[in-house]
Amino acid sequence: MATIDDTDEPDGPLNRWVQRAIEDPERVYRALFYTAMIFFMVTTLFPFYWLLVLAVTPNSEIIGGGFIPEIELFGATVPFPLPVPQGFNPGAFVDVFREIPFHLYMLNSFALAVTTTIIVLVVASLAGYVFGRLEFPGRAVLMLAILAISYFPPAAFVVPLYDIFAGNAVNIPFTDVALFQSIELLNTPGSMVLPFSALFMPLSIFILTTFYGQIPDGLEDAARVEGTTRLGALFRVIMPLSAPGVATAAVLTFISVYNEYFFSSIMATSPQAGNWSPLVGGILSYQTQYTTSFNLMAAASVVGVLPMLILVVVAQERIVSGLTSGALKE
Amino acid sequence: MASLKLEHVTKRYEDVTAVDDMNLDIEDGEFVCLVGPSGCGKSTTMETIAGLTIPTEGKVFIGDRDVTNLPPKDRGIAMVFQNIALFPHMDVYDNISFGLRLRDFPKEEIDRRVERAADIVQLEGMLERMPDEMSGGQRQRVAIARAIVREPDVFLMDEPLANLDAKLRVHMRTELQRLHKELDTTIIYVTHDQAEAMTMSDRIAVLDTGELQQIDPPLVCYNEPTNLFVAGFIGSPSMNFVNGSVGADAIETPNFSIEFDPARVDGVAPGDDVTVGVRPEDVYPVPEADDVSHPTAAIQARSDVLEPMGDEIFAYLLLGDGETSMSQEAATDDQLLMSIEPDSDLQEDETVSVVLDRRKIHLFDDTTGDAIAHGIVDVTGDGSAGTRAESDD
Chain A
1 MATIDDTDEP DGPLNRWVQR AIEDPERVYR ALFYTAMIFF MVTTLFPFYW
51 LLVLAVTPNS EIIGGGFIPE IELFGATVPF PLPVPQGFNP GAFVDVFREI
101 PFHLYMLNSF ALAVTTTIIV LVVASLAGYV FGRLEFPGRA VLMLAILAIS
151 YFPPAAFVVP LYDIFAGNAV NIPFTDVALF QSIELLNTPG SMVLPFSALF
201 MPLSIFILTT FYGQIPDGLE DAARVEGTTR LGALFRVIMP LSAPGVATAA
251 VLTFISVYNE YFFSSIMATS PQAGNWSPLV GGILSYQTQY TTSFNLMAAA
301 SVVGVLPMLI LVVVAQERIV SGLTSGALKE
Chain B
1001 MASLKLEHVT KRYEDVTAVD DMNLDIEDGE FVCLVGPSGC GKSTTMETIA
1051 GLTIPTEGKV FIGDRDVTNL PPKDRGIAMV FQNIALFPHM DVYDNISFGL
1101 RLRDFPKEEI DRRVERAADI VQLEGMLERM PDEMSGGQRQ RVAIARAIVR
1151 EPDVFLMDEP LANLDAKLRV HMRTELQRLH KELDTTIIYV THDQAEAMTM
1201 SDRIAVLDTG ELQQIDPPLV CYNEPTNLFV AGFIGSPSMN FVNGSVGADA
1251 IETPNFSIEF DPARVDGVAP GDDVTVGVRP EDVYPVPEAD DVSHPTAAIQ
1301 ARSDVLEPMG DEIFAYLLLG DGETSMSQEA ATDDQLLMSI EPDSDLQEDE
1351 TVSVVLDRRK IHLFDDTTGD AIAHGIVDVT GDGSAGTRAE SDD
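In order, the protein sequences belong to chains A and B.
Residues in the first sequence are numbered consecutively from 1, following this note's numbering.
Residues in the second sequence are numbered consecutively from 1001, following this note's numbering.
Below, the structure written as C-alpha cells:
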C-alpha cells in the first residue's frame, strides 16, 4: 500500500472505490450523505408523487388499481418500481374548483392561519419577553404550567368549548349559578381562532422565550435610554434581532392552523365555505353519501399544499437557522 | 446641559446593598469619574442615574427636575455602554439617528445632527456600514455619536473603553477629553481603571462597597486620600502600607522607626496604632536622598525583584530578616516598593539603604482606616503638620 501507482490499481470498480475511499475518507462521508439524502427525499416526496398520480387518473380507473405495470426487462417480466397514472385527466385540477368553491375553503384556512399567527406572535412575544428577560418568583413553575397545556389532548377542550361557543349560559360547575352568558361563535372565525391561538401558543412562547432571553441586556438598555419604552424596545430591537425565532414560531403556527381539521370540523357545524370550514373540510366534501371522488381529493390536496410549499421555500433559511440556533445556544 | 444631584440614594437587592446612601453633587459641565473595584456599586449608581434601575431610597435630580421615577427616555440623558450596544440590525446612520427618529424629529434636522456627530467622532463616509463590518474603535465612536446627536443634558459613560485594546484606549481617552471640551456637557464616566479616572476627570468619585469614599479633583485624591481604601486604590503601583504604633517621639514599625512628634498632629497620641502609607516615588535610596528635606533615618533593606518600566524602575525591597513574602496584601510589613531613576545601577539581591520623605508620609487610623494626616512634619511653620485630613462624615 506504499505507493499510488497506476499499475498497482486493484481490479474491479468496487475495489478501486474502496481503495480511493481509504486514501480520501471525505468520499465516504459524501457517499453516506447522499444515501441519507436520497432516503429522506424518497420518503417525503413519494406521497406527493402518489397524489399527483391519483389526481390525473380518472376516478373510474382508480378503484380498478393496476398502478404498477409489468414491464419486459432483458426477457423477464418485472413490476415497474413506481406507480404510473391510469390514463391522463388533468381536468381534475379544474373540476376541483367547479364541484365546490374550493378556493373559498383555501381562503378560510389562510385567513384563520394568518389571524391566529398574528395573535400568537403578539401575545407570545409579550410572554417570551417576560419569561426570557425578567426575573420573578415562580417563573419556572409558570413556564412549566404553560408548557403543560400543550400536552393536553385537544379533544379534552372540544366539548366545553362547543358548549360555550354555542351561546349557552356557563354555570359554575355543579351549581346553577350563572358565570356568564357567552355569545354564539359557532360557524364564525372566532370559534376557531380562539382555541387555535390557545393551543399553539405554548410552543411559540417557548421558542420566543429562548430567543428573547439571548438578546444582551445592553441592547435593551440602550434602546430604553435612546427613547423607547420596554415595549418599544421589544418590538423595535429584541424582535427584529430574534427574526429567525419569530419566523420559526410564525411558520410552525401558520402550518399547524392551515392543516387543522379536528376543531374546525366541529366548530363549523357543516363543511360549507360559508361556515368557515377550512381546507381539509373542503377536501372531504368531495366525498358524498354515494360517491367518492378520489381523484378530486388528491388534486385538491396538491392544490392545497402549494401555498405551504411556497411559504416554506421562501422562509426555509430562517426556519432552519431558527430551529438549530435555538437548540444550540441553550 | 445640567447639573446632577443624588440625594441619599440607596439601592438594595434582596440580600445585598449595592449602593448605600450615596450623595453626589455634580455641577453643570463637569467631567466626573466614578471609580472603584468590581462590585463597588459604580455601575448600579450609573443605572440609577440613567433610570434603568429605580433606587430603593433617595432621589435623583437632573437640573432642577426630580427624575427619580421617570423612565430613561424622559430624563434627558444619553449613555455609552461598556459592551457598546449598537443595534446589530441597523446601519450606522440608523443607529445614530435611532433616538431622534423615535422622537419624530424632521428628516433635515436628523441629517444635520447625524452629520455633525459623525464629523465630531470622525465617521464620515461610514454611515452606510453595518456594525459588524467595523472595528472596535469605530463601533465605539458610533456609540458616542449616537449619544451626541441627542444633545443630552448629561452624558453617561459606563466603561466605554474597557473592551478596546491598550493603544486605542489611550487614543480614545484623548478624544473623549477633546469631546468634553467641545460639547461642554456634564459627563459621568464609570471606570475601574484609576489611570483613566486620573487623566480625564475634573473630579473623581471613589466608591467602595456601595459607599462614596471621596469625591475630589484627581490630585487631591492622590495626595490627600481620605482613607486607606482611596490611598490604596488611586495610584499605580499602589501605596506602601506598614503597620506602626505611635511612640513618644517616633512611629515604630516592625522594621524601622520614623521620627515623629505626636503633639504636632491632631488625632494621634502615643500608644495609638496607625497604618503608615508612603507612595513608591517617596522612597529614596540613600545616595539620592540629598534633595529630600525631611528624610527619615536610613532603613536597611534588600532588593528583591526589579521591574524596569523604561522611565523608572520599580524595586521591591525586603525589610527585616528579608524572607520573601508571597502575600498579595497591601499591608505587608516586610515589603516596600520603591520607584527609582531608570539609570540606577541597583541590582537584585543587593543590600540598600533607603529613606522616606516625611512630608509625604500618610497616617491612617488603624481601626477606621480614615486618614489622620498627610505629611508628618511641620513644613508651613504654623504649628500643624502637613495637611490635616478632613473627616469624611
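Glycine included, each C-beta is placed from N, C-alpha and C at the ideal position.
I want to see whether chain B comes within less than 8 Å of A/Asp163, judged by CB atoms only; does it? For this step, residue 163 of chain A is matched to residue 163 along the first sequence. No - not a single Cβ of chain B is within 8 Å of the one on A/Asp163.
is_contact[B/Ile1077, chain A] using C-beta, thresh 8 Å: Working through the second sequence from its first residue, we reach residue 1077 of chain B at position 77. Yes, B/Ile1077 counts as interfacial toward chain A.
Looking at the structure shown, is A/Met106 part of a helix, part of a strand, or coil, going by DSSP? The residue labelled residue 106 of chain A in the question sits at position 106 within the first sequence. Correct three-state label for A/Met106: helix.
Pull up the CB-CB distance for A/Leu234 and A/Ser125, whole angstroms please, since I reckon it's below 8 Å. Within the first sequence, the letter at position 234 stands for residue 234 of chain A. Within the first sequence, the letter at position 125 stands for residue 125 of chain A. So it is a contact: roughly 6 Å between Cβ atoms.
Under a CB-based cut-off of 8 Å, is A/Pro216 close to chain B? Here residue 216 of chain A refers to the residue found at position 216 of the first sequence. Yes, contact with chain B.
State whether the segment 134-154 of chain A contacts the segment 272-284 of chain A, with contact taken as three or more CB pairs (one from each stretch) at a distance under 8 Å. no
Cβ neighbours of B/Leu1164 in the same chain (closer than 7 Å, five flanking residues each side left out): Here residue 1164 of chain B refers to the residue found at position 164 of the second sequence. So the qualifying residues of the chain are Gly1136, Gly1137, Gln1140 and Met1172.
Pull up the distance between the alpha-carbon of B/Asn1023 and that of B/Val1060, whole angstroms please. As a working note, residue 1023 of chain B is residue 23 in the second sequence. As a working note, residue 1060 of chain B is residue 60 in the second sequence. Whole-angstrom Cα-Cα distance: 10 Å.
Using C-beta distances below 6 Å, list every residue in its chain close to B/Glu1128, excluding the 5 sequence neighbours before and after it, in chain order. What you label residue 1128 of chain B is simply residue 128 of the second sequence in a count that begins at 1. If we look at B/Glu1128 and ignore the five residues flanking it on each side, its Cβ neighbours are Asp1091.
Beta-ladder partner(s) of B/Pro1285, from DSSP: Position 285 of the second sequence, counted from the first residue, corresponds to residue 1285 of chain B. According to DSSP, B/Pro1285 bridges with B/Val1354.
Under 7 Å from the C-beta of A/Glu317: neighbouring residues of chain B: One-based indexing of the first sequence puts residue 317 of chain A at position 317. By Cβ distance, chain B contributes nothing, its closest Cβ being about 16 Å from A/Glu317, past 7 Å.
Starting from the Cα of B/Val1278, find the closest Cα among B/Gly1036, B/Thr1253, B/Gly1271 and B/Phe1241 and give me that residue. Position 278 of the second sequence, counted from the start, is the residue given in the question as residue 1278 of chain B. Of the listed residues, the one whose Cα sits closest to B/Val1278 is B/Phe1241.
Are there 16 or more other CB atoms within 10 angstroms of the CB of B/Ala1018, so buried, or fewer, so exposed? The sequence position of residue 1018 of chain B within the second sequence is 18, counting from 1. When all chains shown are included, B/Ala1018 counts as buried.
Any beta-carbon of chain B closer than 8 Å to the one on A/Thr248? Locating residue 248 of chain A in the first sequence gives position 248, where the first residue counts as 1. Not closer than 8 Å to any Cβ of chain B, the Cβ of A/Thr248 fails to qualify, so no.
Reducing DSSP to helix, strand and coil, say where A/Ala315 ends up. Taking the first residue of the first sequence as position 1, residue 315 of chain A is located at position 315. Of the three classes helix, strand and coil, the one that applies to A/Ala315 here is helix, per DSSP.
is_contact[A/Val312, chain B] using C-beta, thresh 8 Å: Start at 1 with the first residue of the first sequence, and residue 312 of chain A comes out as number 312. So no, A/Val312 is outside the interface.
Taking B/Leu1052 as the query, report the chain A residues whose CB atoms sit under 8 Å from its CB, ordered along the chain. On the second sequence, residue 1052 of chain B is found 52 positions in, with the first residue counted as 1. Correct list: Asp221, Arg224 and Val225.
Thinking C-beta only, is B/Ile1077 closer than 8 Å to A/Val237? Sequence index remark: in the first sequence, residue 237 of chain A carries index 237 (1-based). Sequence index remark: in the second sequence, residue 1077 of chain B carries index 77 (1-based). No, the pair does not count as a contact, with Cβ atoms beyond the cut-off.
Beta carbons nearer than 8 Å to chain A: which residues of the segment 1102-1136 of chain B have them? Leu1102 and Arg1103
In the structure shown, what three-state DSSP assignment does B/Arg1012 receive? As a position in the second sequence, residue 1012 of chain B is number 12, starting the count at 1. In the structure shown, B/Arg1012 sits in a strand (DSSP, three-state: E or B).
Please state if the CB of B/Leu1123 and the CB of B/Ala1143 are separated by a distance shorter than 8 Å. Residue mapping note: residue 1143 of chain B aligns to position 143 of the second sequence, counting from 1. Residue mapping note: residue 1123 of chain B aligns to position 123 of the second sequence, counting from 1. The answer is no: Cβ separation not under 8 Å.
For the segment 49-77 of chain A, list the alpha helix (DSSP H) runs that are entirely contained and at least 4 residues long, ordered along the chain. 59-62
So with Cβ pairs under 8 Å, would you call B/Gly1099 a contact of chain A? One-based indexing of the second sequence puts residue 1099 of chain B at position 99. So yes, B/Gly1099 belongs to the interface.
Does DSSP classify A/Leu82 as helix, strand or coil? Locating residue 82 of chain A in the first sequence gives position 82, counting from the first residue. Residue state, collapsed to three classes: coil.
Whose C-beta lies closer than 6 Å to the C-beta of A/Ala273 among residues of the same chain, with five residues either side of it excluded? By one-based count along the first sequence, residue 273 of chain A stands at place 273. Contacts found: Pro101, Leu104 and Tyr105.
Between which residues of its own chain and B/Asp1158 is the CB-CB distance below 8 Å, once the five residues before and five after are set aside? Residue 1158 of chain B sits at position 158 when you count from the first residue of the second sequence. Here the set comprises Ser1043, Met1046, Met1079, Val1080, Phe1081, Gln1082 and Val1190.
At which residues does the beta strand (DSSP E) containing A/Tyr290 begin and terminate? Numbered from 1 along the first sequence, position 290 holds the residue referred to as residue 290 of chain A. First-last for A/Tyr290: undefined, no H or E at that position.
Can you list, in chain order, the residues of its chain with a C-beta nearer than 6 Å to that of B/Gln1150? Leave out the 5 residues immediately preceding and following it. Translated into the one-based positions of the second sequence, residue 1150 of chain B becomes position 150. The sequence given here has Arg at residue 1150 of chain B, not Gln. Counting only Cβ-Cβ distances below 6 Å, and skipping sequence neighbours, we find Ala1078 and Gly1099.
Close-in-space but distant-in-sequence residues of the same chain around A/Phe67 (CB under 7 Å, 5 per side omitted): Within the first sequence, residue 67 of chain A is the residue found at index 67, counting from 1. Cβ within range, chain order: Val53, Pro83, Val84 and Gln86.
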